[in-house]
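Working notes for the structure below.
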Amino acid sequence: NTANFTTGGEVFNANLSAAIAGQAFNGITTGAYTGTGLLVLTANSATTGTIAAISSTGLTTGKGLVITTSTGMTAGSGAALSLVMGAGIGGQGINIVNTGAYTDVAGIISVVANTLTTGGMAVFSATSQTSATLVKVTGGGANITTGVLVDIEMGAATAGTALLVQNVSGALAGANPLASFIANSAT
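In my numbering, the protein residues as written are -8 to 178.
Have a look at this one:
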């Protein structure tokens, strides 16, 4: 009776021992699946626990999670990863923490779409924003020497705009600049 689980226990345990290949769980359908998920995890009463945990502390060049999608996705019709927070008023949709002295130039977050022509690479929308900060970048402060906080490179471009800041229909007034640069201790 799983209702008696208070500090532990398992309903399903796939122990592969020292296996170096194979799958512990393999769910396959060849049909045009329209259901709610081949894998469904539901814990709607959970408040502080972890619903799904992946541990792979020995990884070097492998991947913790791989999601492969179809080339048939059209504009706005699908997502490789969809995080829906409902009407939540706190917490993070994505939280990435690295405690090491990271030196890889590939980046903790890497987004590549080198054949993109007219689409958007990263799109943020917060149309009800009043006083919050939509995008915040915090650098090394007094630790920074030759580093760059934000680097915008256009390569060998002969046209286009590197940075566009526009207020299409608002009437800015008073102490509300369209762009503000502050360096109080600059020498």
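Heads up, the beta-carbon is just placed ideally off N, CA and C, and yes, glycines get one too.
{"Asked": "Presumed contact (8 Å Cβ cut-off) between Ala34 and Phe16, rounded CB distance", "Found": "Not really, about 18 Å apart at Cβ, beyond 8 Å."}
{"Asked": "Val102 beta carbon less than 8 Å from that of Ala117", "Found": "no"}
{"Asked": "Neighbourhood of Ala153 by C-beta, 8 Å cutoff - its chain only, sequence neighbours within 5 removed", "Found": "Ile143, Met145"}
{"Asked": "Which of helix, strand or coil DSSP assigns to Gly161", "Found": "coil"}
{"Asked": "Per-residue DSSP class, three states only, for Gly63", "Found": "coil"}
{"Asked": "CA nearest to the CA of Val31, picked from Gly18, Gly22, Thr39", "Found": "Gly18"}
{"Asked": "Residues near Val75 by beta carbon distance below 8 Å, same chain, minus five either side", "Found": "none"}
{"Asked": "Secondary structure of Ala133, DSSP reduced to three states", "Found": "helix"}
{"Asked": "Cβ-Cβ distance between Gly131 and Gly138 below 8 Å", "Found": "yes"}
{"Asked": "Any chain B beta carbon closer than 8 Å to Lys127", "Found": "In the displayed structure, chain B is absent; only one protein chain is listed."}
{"Asked": "DSSP state of Asn105 mapped onto helix, strand, coil", "Found": "coil"}
{"Asked": "Nearest candidate by alpha-carbon position, reference Gln157, set Ile87, Ala148, Pro168, Thr149", "Found": "Pro168"}
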